[in-house]
Amino acid sequence: MDHNKRDTNVTRRCIERERQALLAFKRGLVDKSDFLSSWGSEAQKQDCCGWVGVSCSNQTGHVLQLDLSDEVQSEFDKVQGKMISPKLIELHHLQHLALPWIDFNGSQFPYFIGSLTNLRYLDLSWTHFGGKFPSQVGNLTNLVYLDLRYNSFTNVENLDWLPRLSSLRYLDLSEANLSNVFDWPEAVNKLPELTNLTLKECDLPSPILSTLSYINSSKSLASVDLFYNRLNNSSIFVWLSNYSTSLVHLDLYGNLLAGSIPDVFGNMSSLAHLCLSNNQLEGSLPNLTNLSSLEDLFLRNNQLSGVISGTHFSKLSKLRNLDLSSNLLVLDIHADWIPPFQLHSINLESCKMGPHFPKWLQTQKNISYLRIPNAGISDILPSWFWSLCLTVGYMDLARNQIRGAFPNLTLEFSYSPEQHLSSNKLEGTIPSILLNAPYMDLSSNKLEGPIPSVLLKASYLDLSSNKLEGPIPSVLSNASHLDLSLNKLEGLIPSFLLNARHLDLSSNKLEGPIPSALSKALYLDLSSNKLEGPIPSVLSKASHLDLSNNKLSGSISFLCSSAAIGLFFLNLSSNNVSGQVPNCLTHLENLVMLDLSYNVLSGKIPTTIGSVFRIETLKLRSNRFVGQLPSSLKNCTSLVVIDVGLNKLSGQIPEWLGVSLKYLVILMLSSNHFNGSLPSQLCHLTHIQILDFSMNIISGSIPKCLTNLTTLAQKGNPSLNISHSYVISHRRWGKLYNDDATFMWKGGMQTYKSTLGLVKRIDLSSNKLTGEIPSEITQLVGIPTSLARIDRLGFLDLSYNNLSGKIPVGTQLQGFDPSFYVGNLQLCGPPLKKMCADDVKKGPSEHIDFINQEDNDELITLGFYISMGLGFAAGFWGVCGTLIFSRSWRYTYLKFLNGLNDWLFVRIALLKRQLKDA
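If you want it as structure tokens, here you go:
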């Protein structure tokens, strides 16, 4: 047949009405990749049966199938939907409709699809349709396959429509909200042909057993996936037990299941995949010997306990993937045990299997994934272990106590393995055995000596927290992730580290200037070295930049670069940078943490600081800033920490601090020239934990509303530190940092970080405050008296003001050291020695000593001493008098004492002999 004749014959197969319906459907899509280019009205595109995704009947020419799944998935994010044209109803003979991954962005579900009654296969998954759940699909009584997972429907009211789909074999309604559908198991039981049930993330409630009927239920249900729901009792196990002979795949990951694993699982002889991870199951493992078909066993992150021996696995010859991690299990397996299986992945994290390295692992020849961190192993790495590593793609032995040095071996890895050996006790030098390991984490060990020149292929290398010395070798030039922090490395930072995207060289002894070649580093930490010179402008491209605790100098004009828009974290504290902060901060809209403390910066704080509206931590401590706090700072409503202490700032404390910055936890304005009174708006800072206005010129009285500082009025804190997290969306990674704070404590400057969340502190000392201490301040019970109560660490310092009157009575205020009130000449009352006028009038006998308040007890009176004397006399003569005047009682008592003496003598003699023999 020639080409023209073939085209003519093919054209006759396409029914015009159906072709127009398909073109209307196309007009409802946004096809950025033009993957439907074969659909059109041109002469050469007349045959709709030849269009991409369309299949027709060879006999009638009617469209039977519209399936765009393969094309759309390959062009993910490039195809969007505006609507599904109602003209699609013209495809009366359509049996198969699959439009997954086309994003309709919450638009209304096309309910007319319920009229396509010949449909046998319907897949509208990941299409993000919204509105009411389409119960009209219950009209599609010929359906065999229904997939509506991951749409955006409102709550499903019921599943009354489901039993009408009597031919249904595959059902997936994942992420449909079924929280109010308590009879969902009954609806499922009425599907006699069902083999696959998937209801992930549906907020499913536990079954109500009393309503269930199994008359028409499926006898061949093979796969049940109820991942991440609200199942919280054993009723789900009872329901599943009715399918114990047919189940092949069961996933109950991430529910609220508690209690022990029922014995019914031991009878599921067909089960190949069992996942009960991330629940609250406890007790020991059930008998698994009958699960001869089991290939995957996932029980991680429960509270399972007990001892596991080789007997548990004796019949599991098909087992391929095993995950028992994050439980309380103990693996007591004989050293000569030979498993009946060959595992591909093993995860036994936190299962106690030490102290010896598990010898049975050497029998496993197909391992690609091995995780046994925190397993109590304190052995050396056996020689056969390195042969095991040849096929492992991921290996994690971290957080054990593996000791000894590396052997002098050379390996050629078949894959690009990811190896985690951190937090052990490995020592010696780094050997050539790691020559071809592209990903290696050896941090927190006892490795020493220079970094060898054999790590040629390492693209990810973490050698932090060791004892490595010498310069950084040039062989690390290919590393994109390099962490050498907390070592003893010396010399210059080499310019050949130009490929590093994540570079941490902090806490070493590096010196000299920062090379400009580090322009590709997105995460750069060079803190706590001896670096000097100016800050290269190319570093503005970083997202995380920490250059603190060095000797860097010059200006910080690099912040004016437009590339700094990607900066999230900047710490330049404890350097010698000088000049003014440039008034060009408007493009730092992503900055979360800014620390310029302990430098010699001067001038005013720029008004453009108010443009950094995502900032959470602002530290400008110990510089030479002058002027007022810029009012634009009130735009930074996410601020948690402000520390501008030890500067020359002046003016009144702004009212907007308490109005706009409601999330403040730390506010430190100490050692400046702030004046005026304390604004009452500060009492709106309900999250405040540290309030330091000391060493200023603040006057007026202490606001009585300080009781509104509710965090200070609470005992303890749920978090030890004050942490911040931020996600760098365009970089696809996140970071966490913890705040620190420095203040005067016990006569010296102290810095708190790991326990900062526990500190609760008000310091108003060295100002010109007047009036009385408000009695309401006694309600701030979160301010304790000493470091002995670490859960309420902090103090109240009101020293060196002009306060007057009596210190309010309360165990908190009287428990503070008198130095916290010194320098207030008109202040009186405990704990000060100066008594108030009303206490002097009462006289010494009426004066209450609050310091030793717990020693004063109203029960200790004259009557108490008389009663004590009479009791002693009665007890003494009641016992001793009887022994004196009764001979038989006296002899019996003395005989008892002699017998006790002999018994003690014999016991001591025997004990001495046992110790001597030992």
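Remember, the numbering used here sits 1187 above the position in the sequence shown when you count from 1.
Backbone N, C-alpha and C fix where the C-beta goes; we use that ideal spot for every residue, glycine too.
Since the model is a prediction, treat every value here as computed from it, not as a measurement.
Original post:
Do P1625 and P1639 have their CB atoms nearer than 9 Å?
Top reply: For P1625 and P1639, no; Cβs fall outside 9 Å.
**OP:** Just grab the DSSP bridge partners of I1829 for me.
**Re:** Answer is L1805, L1854, bridged to I1829.
Subject >> The beta strand (DSSP E) enclosing R1558, as first and last residue numbers >> reply: It spans 1556-1558 - the beta strand (DSSP E) in which R1558 sits, taken as one unbroken run.
**OP:** In the DSSP assignment, find the unbroken beta strand (DSSP E) run with N1375 in it and report its ends.
**Re:** Note that residue 1375 corresponds to Val in the displayed sequence, not to Asn. If you look at V1375, you'll find it isn't in any beta strand (DSSP E); it sits in the alpha helix (DSSP H) that goes 1371-1376.
**OP:** Please confirm whether G2107 and G1845 have their CB atoms less than 9 Å apart.
**Re:** The chain is shown from 1188 up to 2105; residue 2107 falls before or after that span and cannot be answered.
**OP:** Below 6 Å CB to CB, which residues in the same chain sit around K1717 once its five sequence neighbours on both sides are set aside?
**Re:** Listed in chain order, the non-local C-beta contacts of K1717 below 6 Å within the same chain comprise E1698, local neighbours out to five positions each way being set aside.
**OP:** Could you have a look at I1202 and say whether DSSP puts it in helix, strand or coil?
**Re:** The answer is coil: DSSP assigns I1202 none of H, G, I, E or B.
Original post:
Out of curiosity, what's the CA-to-CA distance linking G1992 and S1952?
Top reply: S1952 has its alpha-carbon roughly 17 Å from the corresponding atom of G1992.
Original post:
Assuming S1941 and L1907 make a contact with CB atoms under 8 Å, what is their CB distance in whole Å?
Top reply: Yes, they are in contact, since the Cβ atoms of S1941 and L1907 sit about 6 Å apart, within 8 Å.
Original post:
Given a threshold of 16 other Cβ atoms within 10 Å of its Cβ, counted over all protein chains shown, does Q2001 qualify as buried or as exposed?
Top reply: Its Cβ being crowded by 16 or more others within 10 Å, Q2001 is buried.
Subject >> Counterpart residues of I1877 in DSSP-defined beta bridges >> reply: Residue pairing by DSSP puts I1877 in a beta bridge opposite I1853, R1948.
**OP:** Specify the secondary structure class of Q1767 as computed by DSSP and reduced to three states.
**Re:** Annotated three-state conformation of Q1767 is strand, per DSSP.
**OP:** Let me know the beta strand (DSSP E) ranges lying completely inside the segment 1276-1343, each 3 residues or longer, listed in chain order.
**Re:** List check, beta strand (DSSP E) in window: 1283-1285, 1308-1310, 1332-1334.
Original post:
Closest to A1230 by CA distance: which of L1251, N1988, C1201, F1222 is it?
Top reply: When only C-alpha atoms are compared, the closest one is C1201.
Subject >> Top-ranked residue by Cα proximity to T1616, from V1827, P1594, D1628 >> reply: Each of V1827, P1594, D1628 was checked against the Cα of T1616, and the nearest Cα belongs to P1594.
**OP:** Can you give me the Cβ contacts of F1316 inside the same chain, cut-off strictly under 6 Å, excluding the 5 residues immediately before and after it?
**Re:** Taking C-beta separations shorter than 6 Å and ignoring five residues to either side along the sequence, the partners of F1316 in its chain run F1291, F1296, N1338, following chain order.
Original post:
Do you know whose CA, among M1627, G1741, I1853, S1715, lies nearest D1583's CA?
Top reply: The candidate whose alpha carbon is nearest that of D1583 is M1627.
Original post:
Alpha carbon to alpha carbon, what distance is there between E1362 and C1389?
Top reply: Computed Cα separation, rounded: 5 Å.
**OP:** Run the CB neighbour count on R1586, radius 10 Å, all protein chains shown included, and call it buried at 16 or more, exposed below.
**Re:** Looking at its Cβ environment, which holds 16 or more other Cβ atoms inside 10 Å, R1586 is buried.
Original post:
Considering only the beta carbon of each residue, do L1413 and L1386 sit closer than 9 Å?
Top reply: Their beta carbons are under 9 Å apart, which means L1413 touches L1386 by this criterion.
Original post:
What separation, rounded to the nearest whole angstrom, lies between the Cα atoms of S1404 and Q1246?
Top reply: So the alpha carbons of these two residues sit roughly 38 Å apart.
Original post:
Do you know how far the Cα of L1848 is from the Cα of L1772?
Top reply: Their backbone Cα atoms lie some 20 Å apart in a straight line.
Subject >> Rounded straight-line distance, which links the Cα of S1479 to that of L1509 >> reply: In this model, L1509 and S1479 are separated by some 14 Å (Cα to Cα).
Original post:
Taking Cβ to Cβ, would you say S1354 is nearer than 9 Å to R1307?
Top reply: Their beta carbons are under 9 Å apart, which means S1354 touches R1307 by this criterion.
Original post:
Which residues bound the alpha helix (DSSP H) around L1844?
Top reply: Its alpha helix (DSSP H) spans residues 1843-1847.
Original post:
What did DSSP end up calling Y1357 once you bin it into helix, strand or coil?
Top reply: Strand at Y1357.
Original post:
Which ranges does the alpha helix (DSSP H) cover as unbroken runs of at least 4 residues, wholly within the segment 1427-1494, from first to last along the chain?
Top reply: Whole alpha helix (DSSP H) segments, 4+ residues: zero.
**OP:** Measure the C-alpha to C-alpha separation of L1805 and G1797 and round it to an integer number of angstroms.
**Re:** Approximately 12 Å, taken between the alpha carbons.
Original post:
Quick one: is D1257 buried, meaning 16 or more other Cβ sit within 10 Å of its Cβ, or exposed?
Top reply: With fewer than 16 other Cβ atoms within 10 Å, it is exposed.
Subject >> Between the CA atoms of P1721 and S1742 - distance to the nearest angstrom >> reply: Rounded to the nearest angstrom, the two C-alpha atoms are 7 Å apart.
Original post:
In three-state DSSP terms, what is F1812?
Top reply: Of the three classes helix, strand and coil, the one that applies to F1812 here is strand, per DSSP.
Subject >> beta strand (DSSP E) runs contained entirely in the segment 1731-1755, provided each spans 3 or more residues >> reply: The beta strand (DSSP E) runs lying completely inside the segment 1731-1755 and spanning 3 residues or more are 1731-1733, 1738-1741, given in chain order.
Original post:
Exposed or buried, what is T1314 when buried is set at 16 or more other beta-carbons lying within 10 Å of its beta-carbon?
Top reply: It counts as buried.
Subject >> Residue closest to S1724, alpha-carbon to alpha-carbon, out of K1738, I1701, D1712 >> reply: Of K1738, I1701, D1712, the residue nearest in Cα terms is I1701.
**OP:** Apply the 10 Å Cβ neighbour rule to V1494 and answer buried if 16 or more other Cβ atoms are within range, or exposed otherwise.
**Re:** Classification for V1494: exposed.
Original post:
What distance in whole Å lies between the Cβ atoms of N1489 and N1514, which are believed to be in contact at a cut-off of 8 Å?
Top reply: Confirmed, Cβ separation roughly 6 Å.
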